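Novice: Quick one: this structure, given as structure tokens, is what I'll be asking you about.
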Amino acid sequence: MSASVRVQITVNGERHESDVEPRLLLVHYLRDMLGLHGTHVGCDTSNCGACTVHLNGEAVKSCTVLAVQADGAEVTTIEGHGEEGALHPLQEAFWEHHGLQCGYCTPGMIMAAADLLARNPDPTESEIREALAGNLCRCTGYQNIVKAVQAAAGQMRGAQQAERAQEEVTV
Amino acid sequence: MGVPGVEAAERTEPDGDGFVGRALKRKEDPRLITGRAAYVDDMTLPRMLYAAIVRSPEAHARIVSIDTTAAREHPGAEAVFTGEDLTDLAAPCPMVWAPPGVEVRVPDHWPLARDKVGYVGQAVAVVLGKDKYGVVDAAEQVIVEYEPLPVVVDPEKALEEGAPIVHDEFGTNQVFEWSLSGGDVEGAFKDADVVIERRIVNHRTAGAAIEPRSMLAEWRHGKLTLWSSTQIPHICRVILSIQMGLDEHNIRVVAPEVGGGFGSKLQVYGEEVLACWCARKLGRPVKWTATRSEEMAGTHHGRDQIDYVRIGAKRDGTVTGIHTKIIQDCGAYHLIEGPVIPTFSACVMSGCYKFDAIQTDIIGVFTNKFTTDAIRGAGRPEGTHMIELTMDELAGELDMDPLELRRKNFIDEFPNERPHGFIYDSGNYHGTLDLCVEKLDLEAFRREQAELRERGVYRGVGFSTYVEICGLGPSRALGPEGWGMQGGYFESAHVRVHPTGSVTVYTGTSPHGQGHETGFSQIVADRLGVTPEVIDIISGDTHTGPFGKNTYGSRSLAVGGEAIARAAEKVQDKAKRIVAHQLEAAPEDIELVEGRYQVRGSPDKAMTLGQVAGEAYIPADLPEGMEAGLDETCFYDPSNFVWPFGAHACISEVDVETGRVDIVRYVAVDDCGPAINPLLVDGQIHGGIVHGVGQALYEQVVYDDDGQLVTGTFVDYALPSAADVPTFETDRTETPSPTNTLGVKGVGEAATIACSPAVVGSVLDALRPLGVTELNMPLTPMRVWQAIQEAQGRGSGPGETEQGRRLDEHGGGAAGSGPTAPSEGGAS
Numbered sequence: 001m002s003a004s005v006r007v008q009i010t011v012n013g014e015r016h017e018s019d020v021e022p023r024l025l026l027v028h029y030l031r032d033m034l035g036l037h038g039t040h041v042g043c044d045t046s047n048c049g050a051c052t053v054h055l056n057g058e059a060v061k062s063c064t065v066l067a068v069q070a071d072g073a074e075v076t077t078i079e080g081h082g083e084e085g086a087l088h089p090l091q092e093a094f095w096e097h098h099g100l101q102c103g104y105c106t107p108g109m110i111m112a113a114a115d116l117l118a119r120n121p122d123p124t125e126s127e128i129r130e131a132l133a134g135n136l137c138r139c140t141g142y143q144n145i146v147k148a149v150q151a152a153a154g155q156m157r158g159a160q161q162a163e164r165a166q167e168e169v170t171v
Numbered sequence: 172m173g174v175p176g177v178e179a180a181e182r183t184e185p186d187g188d189g190f191v192g193r194a195l196k197r198k199e200d201p202r203l204i205t206g207r208a209a210y211v212d213d214m215t216l217p218r219m220l221y222a223a224i225v226r227s228p229e230a231h232a233r234i235v236s237i238d239t240t241a242a243r244e245h246p247g248a249e250a251v252f253t254g255e256d257l258t259d260l261a262a263p264c265p266m267v268w269a270p271p272g273v274e275v276r277v278p279d280h281w282p283l284a285r286d287k288v289g290y291v292g293q294a295v296a297v298v299l300g301k302d303k304y305g306v307v308d309a310a311e312q313v314i315v316e317y318e319p320l321p322v323v324v325d326p327e328k329a330l331e332e333g334a335p336i337v338h339d340e341f342g343t344n345q346v347f348e349w350s351l352s353g354g355d356v357e358g359a360f361k362d363a364d365v366v367i368e369r370r371i372v373n374h375r376t377a378g379a380a381i382e383p384r385s386m387l388a389e390w391r392h393g394k395l396t397l398w399s400s401t402q403i404p405h406i407c408r409v410i411l412s413i414q415m416g417l418d419e420h421n422i423r424v425v426a427p428e429v430g431g432g433f434g435s436k437l438q439v440y441g442e443e444v445l446a447c448w449c450a451r452k453l454g455r456p457v458k459w460t461a462t463r464s465e466e467m468a469g470t471h472h473g474r475d476q477i478d479y480v481r482i483g484a485k486r487d488g489t490v491t492g493i494h495t496k497i498i499q500d501c502g503a504y505h506l507i508e509g510p511v512i513p514t515f516s517a518c519v520m521s522g523c524y525k526f527d528a529i530q531t532d533i534i535g536v537f538t539n540k541f542t543t544d545a546i547r548g549a550g551r552p553e554g555t556h557m558i559e560l561t562m563d564e565l566a567g568e569l570d571m572d573p574l575e576l577r578r579k580n581f582i583d584e585f586p587n588e589r590p591h592g593f594i595y596d597s598g599n600y601h602g603t604l605d606l607c608v609e610k611l612d613l614e615a616f617r618r619e620q621a622e623l624r625e626r627g628v629y630r631g632v633g634f635s636t637y638v639e640i641c642g643l644g645p646s647r648a649l650g651p652e653g654w655g656m657q658g659g660y661f662e663s664a665h666v667r668v669h670p671t672g673s674v675t676v677y678t679g680t681s682p683h684g685q686g687h688e689t690g691f692s693q694i695v696a697d698r699l700g701v702t703p704e705v706i707d708i709i710s711g712d713t714h715t716g717p718f719g720k721n722t723y724g725s726r727s728l729a730v731g732g733e734a735i736a737r738a739a740e741k742v743q744d745k746a747k748r749i750v751a752h753q754l755e756a757a758p759e760d761i762e763l764v765e766g767r768y769q770v771r772g773s774p775d776k777a778m779t780l781g782q783v784a785g786e787a788y789i790p791a792d793l794p795e796g797m798e799a800g801l802d803e804t805c806f807y808d809p810s811n812f813v814w815p816f817g818a819h820a821c822i823s824e825v826d827v828e829t830g831r832v833d834i835v836r837y838v839a840v841d842d843c844g845p846a847i848n849p850l851l852v853d854g855q856i857h858g859g860i861v862h863g864v865g866q867a868l869y870e871q872v873v874y875d876d877d878g879q880l881v882t883g884t885f886v887d888y889a890l891p892s893a894a895d896v897p898t899f900e901t902d903r904t905e906t907p908s909p910t911n912t913l914g915v916k917g918v919g920e921a922a923t924i925a926c927s928p929a930v931v932g933s934v935l936d937a938l939r940p941l942g943v944t945e946l947n948m949p950l951t952p953m954r955v956w957q958a959i960q961e962a963q964g965r966g967s968g969p970g971e972t973e974q975g976r977r978l979d980e981h982g983g984g985a986a987g988s989g990p991t992a993p994s995e996g997g998a999s
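Written as structure tokens, this is what we have:
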């Protein structure tokens with residue numbers, strides 16, 4: 001066990017200062033130190049993506065990032081992505097289209113899909129499938145996940161258009 | 172074996188437009204999509220210790236010594252235990268299959284090895300410590316000296332004279348030998364004009380739930396609580412009671428949110444007992460969560476059969492009989508029911524067909540590998556795979572269309588008693604196949620196929636028509652005097668209406684993703700006249716509700732849902748008697764219409780469930796002799812199994828230069844009786860197909876000749892990703908089962924049972940012009956490419972693994988060939 005290191009990480013908008021072992025994985029920092037259990041561990045080899053979170057706005061597999069690497073960074077987990085009563089369109093769409101069964105891969109899947117939609121607001125089916133190839137689901141056969149991402153993308157584009165229209169009116 | 176005197180259940184369909192049949196959104200989802208659900212590894216308790224397990228790197232060895240000194244002195248360790256410390260356990264890990272008149276060899280299997288190890292990954296010592304990382308450091312300090320013994324990994328070689336013996340005390344590697352047969356098998360082959368024989372390897376796979384197994388045990392004043400990621404909390408409690416020497420009332424087992432099972436958590440593992448034992452020993456809570464590598468090495472595997480199939484037919488295509496020999500690799504030790512799994516293959520060996528003579532001989536074999544047990548489909552995918560591929564081969568031999576051959580032999584009268592003793596409840600095999608062919612537009616595909624071939628593009632279509640035995644099951648068929656399972660297979664339900672009219676339902680089933688809360692609420696809502704929102708479904712906790720038999724074998728709806736429906740009917744009956752008394756009418760004149768218990772013909776005279784509950788719990792004016800409360804229980808033991816069926820078709824394209832297979836289209840038409848919630852049914856079908864595609868194309872658990880596990884992570888064990896599968900085209904027919912009042916069958920395993928022969932058949936169809944007639948799964952690019960080279964009379968390169976075995980040999984293959992999924996294992 002080596003000496004701990006002080007890190008300052010903003011998680012879901014809240015700033016945390018913690019002393020961590022240099023070898024502590026980001027996923028364990030989130031789960032064990034902050035109690036954010038929505039981020040899961042499925043494989044330890046960054047194949048399954050259950051641990052996907054956003055690090056400075058980009059999807060990363062938090063089982064393959066050290067907490068010290070996130071020093072000074074902003075992290076968003078599923079808990080910061082939306083909550084009951086204020087769901088993110090992806091969460092709504094996963095619910096609406098039965099995009100989950102056991103739910104274990106779901107937080108990572110939603111975070112990976114959010115990363116895709118931030119880069120590509122109107123992805124094709126094959127772009128969605130490729131983008132989610134690093135997130136494994138054993139339950140759903142992916143079909144309804146793809147459907148949910150398509151639906152959320154449409155919904156988010158609609159909302160953006162409405163926002164732009166509103167801005168134009170205001171201007 | 173069968174179920175004589177099966178009685179048909181009368182369908183009960185609630186009045187009005189009910190909730191059953193609607194594609195309602197799931198009640199489970201809000202907590203799951205927001206990351207607020209609690210799986211076992213999300214839980215911690217005060218003074219909790221983490222466990223790290225030291226595992227054997229040897230496949231077969233005597234333990235010479237275990238030196239725990241350095242580990243004990245390590246700051247990360249609070250305690251270290253080995254097999255010698257666990258001698259106060261009352262019993263080894265049990266195996267519950269004891270068929271009458273058949274000897275099944277069951278070696279002692281302890282949570283920590285004693286004297287000897289039999290497979291790589293076997294637990295040898297456990298270290299406990301306060302810090303998750305520190306305890307692993309300490310575990311690395313445990314020094315175990317092994318004396319290696321000869322290893323056997325191939326089950327056929329294990330049966331040969333002079334093979335290394337896995338358990339000296341038996342003097343043989345044979346676990347058991349038994350047969351299931353009916354009809355005149357010898358005569359059937361004498362009468363046959365054509366006999367086809369095939370050897371089919373159905374390789375070893377992993378359940379690979381994305382949540383690794385996790386358990387948390389707490390001992391407090393003589394009471395034990397275990398939270399476990401299990402499919403079977405009630406069964407786990409019985410077994411903990413036996414092994415820990417505790418009375419059941421002192422044990423509570425809870426399955427909280429469980430992240431997928433697929434059979435891999437239909438188990439009571441040594442680690443569960445170990446965590447409980449450590450918690451009792453130390454008086455502190457103990458948590459153990461598997462790493463993925465521990466999952467791959469020590470969570471039971473599935474399949475792993477070598478099948479010799481022989482089928483005889485007349486020239487006109489009438490099959491006269493089928494005779495199969497199954498060699499089942501059981502691994503080194505048994506867990507809860509491993510050796511019974513190939514029996515489920517034997518059950519389905521009539522397929523959808525009027526086979527009049529059926530014989531299945533099964534031999535179980537010990538090898539130096541981990542245990543095989545139930546994985547999604549459990550024996551039925553293997554049976555379906557051999558029947559369907561053999562039917563294709565037979566069609567080729569008879570120069571007959573494979574679908575015509577199937578149709579000629581389809582069973583079309585129900586109920587139908589099969590020669591090996593089973594009674595198919597209901598079916599419409601022509602209906603599902605016709606719809607599947609229509610959706611596929613087979614004629615158009617055949618034209619397209621011919622055009623593409625001219626351009627050097629190889630596409631093929633494969634079909635699979637299946638029937639599944641599920642809804643486990645009638646206790647008199649499965650139990651001690653039947654197949655020899657040491658248990659009953661009823662299911663329990665308890666429906667409790669609260670004083671204000673909302674409802675809590677306790678079910679003995681234990682879900683891990685199926686959506687029970689939603690589907691069961693729909694069943695109860697219709698029967699009590701309330702909405703699903705005011706119904707809560709409680710499961711997976713032995714301290715609530717009656718003893719149950721939990722979730723596996725596609726039983727939760729057909730047995731558990733039926734128990735709930737019957738308990739709810741009892742509540743409804745009592746409610747009607749209370750209403751009749753209050754409204755001065757006869758109980759038989761009370762009808763439930765859109766949430767109102769009303770007098771037939773006088774709909775203005777009515778009560779709601781809430782009003783009825785008020786009367787029931789403030790019992791000032793109840794009918795003479797009626798007890799207070801509105802609270803009913805049902806234990807339902809089905810009179811027969813249920814028999815879902817369907818037809819799947821796969822179109823795949825093979826790159827003949829590289830051997831890579833891509834699935835282009837997949838059409839699935841399934842019949843599981845009336846859908847309680849079509850959204851959930853479709854979800855099960857989608858997932859089931861991909862599980863089957865995984866086995867057909869990508870997944871394989873590989874041990875090398877030394878018994879080393881080569882596929883120890885998701886880097887090597889290639890699960891299909893979203894990029895590897897297309898959007899499926901699904902449809903349903905709905906043929907009610909006469910077995911239960913809901914008319915339902917099972918659907919959790921159906922698509923996995925159906926899938927693999929359709930995929931393999933499509934590749935064989937694509938490659939037929941090149942002369943390829945046989946392929947064993949998984950159809951990795953290397954294996955397909957080699958088959959093409961050999962069929963073309965070209966050399967196929969080295970053709971052997973680094974371990975010197977042929978690639979299509981049992982247990983060989985993917986080792987060294989890297990990730991097998993097109994998406995390269997899925998890492999991004």
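Protein chains in written order, with this note's numbering: chain A, 1 to 171; chain B, 172 to 999. Ideal placement from N, C-alpha and C gives every residue a C-beta, glycine not left out. If you're wondering where the values come from, they're calculated on a predicted model, not measured in any experiment.
Does any CB atom of chain B fall closer than 8 Å to the CB of residue 118(A)?
Specialist: Position 118 of the first sequence, counting from 1, holds the residue named residue 118(A). It does not; no Cβ of chain B falls within 8 Å.
Novice: Tell me, please, whether the region 774-788 of chain B touches the region 644-663 of chain B by the rule of three or more beta-carbon pairs shorter than 8 Å.
Specialist: Touching, no.
Novice: According to DSSP, simplified to helix, strand and coil, what is residue 745(B)?
Specialist: On the second sequence, residue 745(B) is found 574 positions in, with the first residue counted as 1. DSSP places residue 745(B) in helix when its eight states are reduced to three.
Novice: Got a sec: which bits of the region 48-74 of chain A sit with their beta carbon under 9 Å from any beta carbon on chain B, in order along the chain?
Specialist: Here the close residues are 48, 49, 50, 59, 61.
Novice: With burial defined as no fewer than 16 other Cβ atoms inside 10 Å of the residue's Cβ, what is the status of residue 124(A): buried or exposed?
Specialist: Within the first sequence, numbered from 1, the residue matching residue 124(A) stands at position 124. The residue is exposed, with fewer than 16 neighbouring Cβ atoms inside 10 Å.
Novice: Measure the C-alpha to C-alpha separation of residue 394(B) and residue 226(B) and round it to an integer number of angstroms.
Specialist: As a first step, residue 394(B) must be located in the second sequence, where it is residue number 223. As a first step, residue 226(B) must be located in the second sequence, where it is residue number 55. Taking the straight line from one Cα to the other gives about 29 Å.
Novice: Check residue 597(B) in the structure and name its three-state DSSP category.
Specialist: Residue 597(B) sits at position 426 when you count from the first residue of the second sequence. In the structure shown, residue 597(B) sits in coil (DSSP, three-state: anything other than H, G, I, E or B).
Novice: Let me confirm a value: residue 799(B) is counted as buried when at least 16 other C-beta atoms fall within 10 Å, else exposed. Which label applies?
Specialist: Along the second sequence, one-based indexing puts residue 799(B) at 628. Residue 799(B) should be labelled exposed.
Novice: Report yes if the CB atom of residue 468(B) is closer than 8 Å to the CB atom of residue 433(B), and no otherwise.
Specialist: To locate residue 468(B), count along the second sequence from 1; it is residue 297. To locate residue 433(B), count along the second sequence from 1; it is residue 262. No. Outside cutoff.
Novice: Here's the rule I'm using: 16 or more other beta-carbon atoms within 10 Å means buried, otherwise exposed. How should residue 976(B) be labelled?
Specialist: For the purposes of this step, residue 976(B) is taken as the residue at position 805 of the second sequence. The predicted position of residue 976(B) is uncertain, since its pLDDT is 46 and thus under 50; a value taken from the coordinates is nonetheless stated next. Its Cβ being crowded by 16 or more others within 10 Å, residue 976(B) is buried.
Novice: To the nearest angstrom, how far is it from the Cα of residue 832(B) to the Cα of residue 374(B)?
Specialist: Numbered from 1 along the second sequence, position 661 holds the residue referred to as residue 832(B). Numbered from 1 along the second sequence, position 203 holds the residue referred to as residue 374(B). If I take the Cα positions, the gap works out to 18 Å.
Novice: If we cut at 8 Å on Cβ distances, does residue 9(A) have a partner in chain B?
Specialist: As a working mapping, residue 9(A) is identified with position 9 in the first sequence. Judged by the 8 Å Cβ criterion, residue 9(A) is not in contact with chain B.
Novice: Classify residue 582(B): buried if its beta carbon has 16 or more other beta carbons within 10 angstroms, exposed otherwise.
Specialist: In the second sequence, residue 582(B) corresponds to position 411, counting from 1. So residue 582(B) counts as buried.
Novice: To the nearest angstrom, how far is it from the Cα of residue 254(B) to the Cα of residue 500(B)?
Specialist: As a first step, residue 254(B) must be located in the second sequence, where it is residue number 83. As a first step, residue 500(B) must be located in the second sequence, where it is residue number 329. So the two alpha carbons sit approximately 26 Å from each other.
Novice: Name, please, each residue of chain A whose Cβ falls closer than 9 Å to the Cβ of residue 428(B).
Specialist: Walking along the second sequence from the start, residue 428(B) turns up at place 257. Ordered by position in chain A, the residues that pass the 9 Å Cβ test against residue 428(B) are 102, 103, 104.
Novice: If distances are taken between C-alpha atoms only, which option among 360(B), 256(B), 240(B), 439(B) comes closest to residue 267(B)?
Specialist: Taking the first residue of the second sequence as 1, we reach residue 267(B) at position 96. Nearest option by C-alpha distance: 439(B).
Novice: DSSP beta-bridge partners for residue 346(B)?
Specialist: The residue given as residue 346(B) occupies position 175 in the second sequence. None, per the DSSP bridge assignment.
Novice: Which same chain residues end up closer than 6 Å to residue 760(B) when comparing Cβ atoms and leaving out the 5 residues on each side of it in sequence?
Specialist: Residue 760(B) sits at position 589 when you count from the first residue of the second sequence. These residues qualify, in order along the chain: 770, 771.
Novice: Where do the ends of the beta strand (DSSP E) carrying residue 852(B) lie?
Specialist: In the second sequence, counting from the first residue as 1, residue 852(B) sits at position 681. Segment 849-864 is the alpha helix (DSSP H) holding residue 852(B); no beta strand (DSSP E) there.
Novice: With contact counted as at least three CB pairs below 8 Å, one residue from each stretch, are the region 953-964 of chain B and the region 651-662 of chain B in contact?
Specialist: No, the region 953-964 of chain B is not in contact with the region 651-662 of chain B.
Novice: Indicate the three-state DSSP secondary structure (helix, strand or coil) for residue 240(B) in the structure shown.
Specialist: On the second sequence, position 69 is the one that residue 240(B) refers to. Helix, per DSSP.
Novice: Say whether chain B places a C-beta atom closer than 8 Å to the C-beta of residue 151(A).
Specialist: For the purposes of this step, residue 151(A) is identified with residue 151 of the first sequence, where counting begins at 1. It does not; no Cβ of chain B falls within 8 Å.
Novice: Hey, could you find the ends of the beta strand (DSSP E) residue 16(A) is sitting in?
Specialist: Locating residue 16(A) in the first sequence gives position 16, where the first residue counts as 1. Residue 16(A) -> beta strand (DSSP E) spans 14-20.
Novice: Based on the DSSP secondary-structure assignment, which residues constitute the bridge partners of residue 833(B)?
Specialist: What you label residue 833(B) is simply residue 662 of the second sequence in a count that begins at 1. DSSP lists 824(B) as partners of residue 833(B).
Novice: As a quick exercise: from 116(A), 133(A), 165(A), pick the residue whose alpha carbon is nearest that of residue 57(A).
Specialist: Within the first sequence, residue 57(A) is the residue found at index 57, counting from 1. Closest by alpha carbon: 116(A).
Novice: Can the beta-carbon of residue 896(B) be found closer than 8 Å to that of residue 49(A)?
Specialist: Start at 1 with the first residue of the second sequence, and residue 896(B) comes out as number 725. Start at 1 with the first residue of the first sequence, and residue 49(A) comes out as number 49. The answer is no: Cβ separation not under 8 Å.
Novice: Counting pairs of Cβ atoms below 8 Å between the region 362-373 of chain B and the region 474-482 of chain B, do you hit three or more?
Specialist: Touching, yes, given that three or more Cβ pairs across the two stretches are closer than 8 Å.
Novice: If you draw a straight line from the C-alpha of residue 156(A) to the C-alpha of residue 77(A), how long is it?
Specialist: Position 156 of the first sequence, counted from the first residue, corresponds to residue 156(A). Position 77 of the first sequence, counted from the first residue, corresponds to residue 77(A). Each residue's Cα considered, the two are about 20 Å apart.
Novice: Residue 32(A) touches chain B at which residues, Cβ-Cβ below 9 Å?
Specialist: Locating residue 32(A) in the first sequence gives position 32, counting from the first residue. Chain B residues near residue 32(A): 215, 303.
Novice: Going straight from the alpha carbon of residue 842(B) to that of residue 912(B), what length do you get?
Specialist: Stepping through the second sequence from its first residue, residue 842(B) is reached at position 671. Stepping through the second sequence from its first residue, residue 912(B) is reached at position 741. Spanning the two alpha carbons is a distance of roughly 17 Å.
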